[in-house]
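Everything below concerns the one structure shown next.
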Amino acid sequence: MAGQYRAGVGLSGNVPIMRIGLFVTCLTDTLYPETGKAVVALLERLGHHVDFPSAQSCCGQMHFNTGYRREAVPMARGFVGAFRDYEAIVTPSASCAAMVHEYYPALAEADGDPGFARGVEEITPRVRDLATFLTDVLGVTDVGAYFPHRVTYHPTCHSLRMMHVGDAPYRLLKEVRGLELADLPDATTCCGFGGTFALKNPDVSAAMCADKVAAIRQTGAEVVVAGDNSCLMQIGGTLSRLRAGVRAMHLAEILASTGGAA
Amino acid sequence: MTEPGTMPTYIGMPSFPGAARTAVADSQLRRNLTHATTAIRVKRQRVVSELDDWEELRQAGKAIKDHTLANLETYLLRLEESVTRAGGHVHWARDAAEANAIVTAIAASKHADKVVKVKSMATQETGLNEALAENGISAIETDLAELIVQLGDDRPSHILVPAIHKNRAEIGELFRRTMADAPADLSDDPAQLAAAARAHLRQEFLNAKVGISGANFAVADSGSLVVVESEGNGRMCLTLPETLISVVGVEKVLPKWRDLEVFLALLPRSSTAERMNPYTTIWSGVTPGDGPREFHLVLLDNGRTATLADDTGRQALRCIRCSACLNVCPVYERTGGHAYGSPYPGPIGAILSPQLRGITSPIDASLPYASSLCGACYEVCPVAINIPEALVHLRAKAVETQKHYAERSILTLSAYVLRSPRRLAAAQRAASWGRLVVGRGGRIRRLPPPLSAWTDTRDAPAPPAESFRAWWKRTHKSTPAGASGGTDDTGGAAR
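Just so you know, the sequences run in chain order A and B. Going by this note's numbering, the first residue of the first sequence is number 52, and it counts up by one from there. Going by this note's numbering, the first residue of the second sequence is number 100, and it counts up by one from there.
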């Protein structure tokens with residue numbers, strides 16, 4: 052089935068072939084390269100051209116959210132410089148996308164540089180998380196994936212409440228051949244990651260994840276999927292410590308999966 | 100009047116993470132909290148979704164509050180005029196000590212050795228009961244949950260349900276131990292417990308010369324005070340004693356009578372998850388032959404005008420104390436209210452307490468960090484307070500005022516690495532070598548401090564042999580550096 056997706060055909064409804072800048076995020080770049088490779092494979096399979104502008108580094112969210120605003124400014128500038136010319140900027144992290152959408156304008160305003168503010172204004176509408184880029188911009192839900200496993204989906208807080216991805220990830224997962232989607236109880240409750248929260252309030256963070264993991268195990272899923280590697284690091288790290296036998300995977304990796312078929 | 104206020108920072112209060120550690124380990128507390136917050140969350144969702152104009156109501160509530168706060172002086176003076184015209188007396192209190200002194204002096208002038216109290220956050224904030232006790236006046240809390248807290252020599256742990264941390268068995272035990280007139284065979288049945296409290300309080304209502312309350316709203320144009328409650332004890336305190344004293348934060352003022360239309364729809368659904376609360380008491384000054392003969396309104400600043408001066412932080416003053424944010428907060432659900440070290444716990448407390456008190460103590464510096472920034476609080480707030488935004492804003496203030504040298508050096512160094520693609524790539528190569536030392540089966544089981552806070556309960560991923568960046572460079576020869584030529588370091592974007 053996946054064979055019908057050939058490079059260059061542009062099987063994305065009536066959307067013309069796009070030149071997409073991949074904003075991979077520092078965490079995925081450093082610790083989860085397979086997610087980045089999956090985004091590239093997926094978007095290329097859908098007929099689009101993907102670039103990785105190497106001037107990108109980090110969006111600055113960790114510093115900004117921990118209270119170190121001054122330190123976040125050069126990162127935000129770097130982001131704008133790296134991505135300014137792309138018609139679409141796609142990231143496998145709704146949280147980092149939300150940083151750009153919600154806080155870059157304020158950061159630029161406080162900085163007082165009109166060029167930086169203009170750059171932020173231009174770039175923000177083009178920054179999308181992977182799931183809604185697929186469903187809303189490209190207009191696809193069936194991406195030709197094959198993943199024969201029982202899966203449960205954790206909607207990450209920033210994807211839900213800041214990027215408002217709604218049911219986009221569910222619609223994508225439902226079209227994956229072989230995938231059995233199990234409902235996650237209390238799905239919209241935070242996993243307890245919260246960036247430096249996980250280190251500054253380790254007991255509460257762990258208590259939150261204990262409940263998240265209990266809910267995941269209740270589903271009988273062998274894979275928990277989410278759209279953000281930061282939350283997956285928290286959930287996956289806890290599952291691994293418990294030897295729970297449940298794997299944490301990024302949505303991109305499932306959508307890219309064709310089970311060996313080309 | 101722009102100084103920070105004073106509020107009891109409970110003696111020896113550790114910072115939030117320390118207090119939370121104890122709370123998280125308390126199995127009874129965890130069960131009580133999960134049970135109570137889950138029940139009210141579900142109910143709230145149901146009653147809110149009945150209204151198809153909820154979002155409009157919410158935006159109206161926000162707009163009315165913002166307008167009022169922007170013209171606070173005008174409306175407070177109008178309120179003073181209206182209350183005075185209706186026969187009440189208005190007092191202005193700069194801080195907690197002034198408010199307590201005013202109330203104590205009035206009560207003492209009535210030769211009262213006892214006062215009955217309606218549940219009130221403002222007087223919790225000022226520590227009024229303790230101030231009265233120092234002057235030989237005992238304050239009787241008449242709200243059932245506040246009574247439970249008072250009998251147990253405990254502290255409230257929730258804005259609306261102060262005894263949420265106690266279950267019925269614990270309350271039954273407490274009543275049998277501390278309530279002299281409780282029936283000998285009192286069981287743990289909630290109806291029996293309520294009946295015992297009712298009998299216990301009835302005599303206090305009839306004997307009290309002075310009643311003390313807060314108010315949910317104060318209407319400037321009519322001079323009306325509004326108390327919204329469930330039990331009816333408030334109605335007793337507000338109508339039976341000869342003298343009534345209401346301590347009200349200055350941000351409680353509403354311009355017009357009609358504004359209540361919005362807030363009396365928002366508040367009950369958000370707080371007790373009811374379409375309408377059982378008792379709403381509204382009074383304007385004094386009415387001969389009906390209710391108190393003397394009415395005093397104490398308008399309390401206590402850090403509010405200082406909060407108002409902060410563009411981002413001032414939204415906390417929109418709060419109508421419904422506590423919906425507490426009930427949906429995954430952090431509050433696991434720690435309870437005591438860990439927040441303030442009468443205002445939960446997400447709203449985490450942004451209100453550090454502003455009202457100023458960020459000077461370890462607890463106030465830690466409160467803005469007592470959140471995973473999940474945003475559930477903002478989603479349910481009936482006056483659309485963007486609590487995550489305010490938290491992040493206050494974190495920046497905490498960083499300015501606190502000297503966390505170790506944290507600052509780690510974050511400065513990491514910023515130096517992360518803002519430069521070249522340095523990030525170098526760090527990734529180093530990490531990749533490091534995996535050979537610490538990684539086992541792709542997992543790291545133990546890291547040194549401060550990262551041990553992570554590996555104490557979670558495995559960490561071992562760095563891969565090759566970062567994404569390195570993979571791309573190896574497999575894609577002609578990579579564009581970026582739109583503006585991708586200079587290293589800052590990206591050199593806009594300047």
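Beta carbons: idealized from backbone N, C-alpha and C, even for Gly. Given the structure is predicted, the values throughout are model-derived calculations rather than measurements.
*How close, in whole Å, do the beta carbons of B/D253 and B/E330 come, if the pair is a contact with beta carbons under 8 angstroms?*
So it is not a contact: roughly 19 angstroms between Cβ atoms.
_Three Cβ pairs or more, each shorter than 8 angstroms: is that satisfied between the segment 118-135 of chain B and the segment 483-490 of chain B?_
no
*Should B/A582 go down as buried or exposed, given a rule of 16 or more other Cβ atoms within 10 Å for buried?*
Confidence in B/A582 is poor, its pLDDT being 44 and thus under 50, which makes the residue's placement unreliable; the coordinate value appears in the next sentence. When all chains shown are included, B/A582 counts as buried.
*What does B/G384 reach in chain A if we use C-beta pairs closer than 7 angstroms?*
Simply none; closest approach about 45 angstroms.
*Can B/L365 and B/C421 be called in contact, C-beta distance under 9 angstroms?*
yes
*asked:* Pairs of beta-carbons, one from the segment 288-303 of chain B and one from the segment 350-367 of chain B, closer than 8 angstroms: are there three or more?
replied: no
_Below-9 angstroms beta-carbon distance, B/T586 vs any chain A residue_ = Any reading at B/T586 needs caution, since the residue's pLDDT is 39, under 50, leaving its predicted position unreliable; the model's value is listed next. By this cut-off, B/T586 is an interface position.
*Below 7 angstroms CB to CB, which residues in the same chain sit around B/A593 once its five sequence neighbours on both sides are set aside?*
In this prediction, B/A593 has a pLDDT of 32, which is less than 50 and means its spatial position is unreliable; nothing more can be read from the coordinates.
*Hey, out of B/R544, B/S470 and B/H188, whose CA is closest to B/S345's CA?*
B/H188
_Could you compute how far the alpha carbon of A/R179 sits from the alpha carbon of A/K88?_
17 angstroms
_Which same chain residues end up closer than 6 angstroms to A/S144 when comparing Cβ atoms and leaving out the 5 residues on each side of it in sequence?_
T76 and D279
*asked:* Taking 7 angstroms as the limit between beta carbons, can you name the residues of its chain near A/Y119, skipping five residues before and five after?
replied: none
*When the cut-off is 9 angstroms and only beta carbons count, does A/L302 lie next to chain B?*
no
*So B/T434 packs on A/V255, CB below 8 angstroms; how close in whole Å?*
6 angstroms
*Go through its chain and collect everything with a Cβ distance to B/T380's Cβ below 7 angstroms, but skip five positions before and after it.*
V326, G333, R334 and L337
*Using a Cβ-Cβ cut-off of 8 angstroms (strictly less than) and excluding sequence neighbours within five positions of B/N306, which residues of its own chain qualify?*
K213
*According to DSSP, is B/D558 helix, strand or coil?*
coil
*In the segment 201-218 of chain A, which residues sit with their C-beta less than 7 angstroms from some C-beta in chain B, listed in chain order?*
C208, R212 and M213
*Listing by chain order, which chain B residues have their CB less than 8 angstroms from the CB of A/M126?*
A514, L517 and R518
_Taking the alpha-carbon of A/S291 as reference, which of A/E273, A/L250, A/T192 and A/P206 has the nearest alpha-carbon?_
A/E273
*Short check: CB of A/L293 to CB of A/A182, under 9 angstroms?*
no
*Do the segment 196-215 of chain B and the segment 266-283 of chain B make contact, defined as three or more Cβ pairs closer than 8 angstroms?*
no
*If the cut is a Cβ gap below 7 angstroms, which residues of chain B does A/G118 touch?*
R494, A495, A497 and V498
*asked:* Quick check: the segment 213-231 of chain A against the segment 451-458 of chain B, are at least 3 beta-carbon pairs closer than 8 angstroms?
replied: no
_Reference A/I305, options A/G166, A/A265, A/L232 and A/P253, closest by Cα_ = A/L232
_Cα-Cα separation, B/A495 to B/Q501_ = 10 angstroms
*Can you check DSSP and say which residues form a bridge with A/R201?*
A/E231
*For A/G296, which three-state DSSP category applies?*
coil
*Of the residues A/I174, A/A277, A/H205 and A/F248, which one's Cα is nearest the Cα of B/L550?*
A/F248
_Counting only C-beta atoms, is A/D254 closer than 9 angstroms to chain B at any point?_
yes
_Using 9 angstroms as the threshold, is the C-beta distance between B/A449 and B/P429 below it?_
no
*Go through the segment 96-148 of chain A residue by residue and report every complete run of the beta strand (DSSP E) that reaches 3 residues or more, in order.*
100-102 and 139-142
*Should A/R212 go down as buried or exposed, given a rule of 16 or more other Cβ atoms within 10 Å for buried?*
buried
*Proximal chain B residues relative to A/R292, where beta-carbon distance stays under 9 angstroms*: R542, R544, T554, T556, R557 and D558
*asked:* Which of the three DSSP states is assigned to B/V141 in this structure?
replied: helix
_Contact the segment 149-160 of chain B vs the segment 398-412 of chain B: 3+ CB pairs below 8 angstroms_ = no
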